[in-house]
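Undergrad: Convert by adding 133 to the 1-based position in the sequence shown; the result is the number in my numbering.
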Amino acid sequence: MSATARRRGSGRRWDVPATPAVPDAAAKTAAKKTPAKPKDAAAAGHAESGIESAKRRLHRLALDVHDGPMQNLAVIGFSLGDLRRKLTALVPADQQAGIDAGMEQIGAELGRVESDLRSLISALEHGGVTSVPVVDAVEMEIEEFERRSAVAPELIVSGDVRTETDSQRIALQSITRSALANVAKHAAAQTVTVRLIGAPDSVTLVIEDDGRGFDPTRPPKKGHFGLKGMRERVAMLGGTFDVESRPGGPTRITATLEVWRPPAPE
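1) Put R351 into one of helix, strand or coil per three-state DSSP.
2) By the DSSP assignment, the beta strand (DSSP E) with L366 in it spans what residues?
3) At the level of alpha carbons, what is the spacing between T296 and L329?
4) Between the C-alpha atoms of D233 and V284, what's the straight-line distance to the nearest angstrom?
5) Using 8 Å for Cβ pairs, my map puts Q238 next to R281. What's the rounded Cβ distance?
6) Among T309, L216 and G214, which residue has its Cα nearest to the Cα of T337?
7) For V294 versus G331, is the C-beta distance shorter than 8 Å?
8) Less than 8 Å between the beta carbons of G362 and T389, yes or no?
9) Give, in chain order, every unbroken run of the alpha helix (DSSP H) that is at least 4 residues long and sits entirely within the segment 287–349.
10) For D343, which residues of its own chain have a beta-carbon under 6 Å away from its beta-carbon, when the five flanking residues on both sides are left out?
11) Have a look at D148 and E276 and give me their C-alpha separation to the nearest angstrom.
12) Tell me the residue span of the beta strand (DSSP E) that contains V284.
13) What three-state label does DSSP hand R385 in the structure shown?
14) Would you list, in sequence order, the uninterrupted alpha helix (DSSP H) runs of no fewer than 4 residues that lie entirely inside the segment 203–263?
15) Which residues in the same chain as A317 place their Cβ atom closer than 7 Å to its Cβ, once the five residues preceding and following it in sequence are excluded?
16) With respect to the beta strand (DSSP E) encompassing V376, which residues constitute its N-terminal and C-terminal limits?
17) State the Cα-Cα distance for the pair R379 and R218, rounded to the nearest angstrom.
18) How many whole angstroms separate the CB atoms of E391 and S300, which I take to be in contact at a CB cut-off of 8 Å?
19) Does the Cβ-Cβ distance between V246 and L206 come in under 8 Å?
20) Relative to the alpha-carbon of E341, which residue among S252, N315 and R385 has its alpha-carbon at the smallest distance?
21) Restricting to Cα atoms, I'd like to know which of I254, M203, G231 and P266 is closest to Q306.
22) Could you compute how far the alpha carbon of A333 sits from the alpha carbon of L288?
In structure tokens form, the structure reads like this:
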């Protein structure tokens, strides 16, 4: 795969092929014989110190997540169990099934959040993130949606769909999760289609449903940040986000992220 240089100017951006410089054998030999200059050693020491400092901060963050949100989840889990026992004693037997189903769903969501936090803690402690392909990540969200809904979304994959960074993959996975949650809660849809479109310079996620729709120009209700959160997440990665809907439907959400490439060596 050829390297790619990214140039900027006059508000435009374009990619041009670039060939990394490869030192010849003589240059390599000369480099080995040339002693490191004091300033080079100092710079190397400073860089190493910065890396160690970053590792310490990541480890501290892992401890904070474990001692904060993880413990809060445990308290919520115990409280949920206590609430379930109290409701069992108060609610008539013919209504127990509905309560049990709701409690099971909440318990499953808590378990999923706990699992995600444990993965985050592990990644922070070991300095790496166990990643999955973006198509697999979106399929996981669709499967989770199918457990809570009678609607079975159709997944259509076109082109070479991939993300170059975990941030991009996490963004597309989170948008899928949030969009499908909105469909389950508000849309009353009969069909849902999820499309992943891979292009040489971008990856696009499109989620469309035939539900009741809404007016996207109206400000969200207090405490509802779903679409705003999706838009901000995509914007932080330099992508574009669009919502098309109207009362009566359909609704289409489109998120496009540019394929990230490191700058070519000068």
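For each residue, glycine too, the CB sits at the ideal point set by N, CA and C.
TA: Taking the structure as given:
1) coil
2) The sequence shown places Arg at residue 366, rather than the Leu named in the question. Segment G359 to M369 is the alpha helix (DSSP H) holding R366; no beta strand (DSSP E) there.
3) 11 Å
4) 22 Å
5) 7 Å
6) T309
7) yes
8) no
9) 299–315
10) A322, Q323, T324, G382 and P383
11) With a pLDDT of 34 at D148, under the threshold of 50, the modelled position of this residue cannot be trusted; read the value that follows with caution. So the alpha carbons of these two residues sit roughly 37 Å apart.
12) V284 -> no beta strand (DSSP E), and no H or E assigned at all.
13) strand
14) 204–223 and 229–259
15) F278, R281 and S282
16) T373 to E377
17) 43 Å
18) Not quite, the Cβ-Cβ distance comes to about 12 Å (not below 8 Å), so this is no contact.
19) yes
20) R385
21) P266
22) A small correction: the amino acid at residue 333 is Pro; Ala does not occupy that position in the sequence shown. When rounded, the distance between both Cα atoms is 21 Å.
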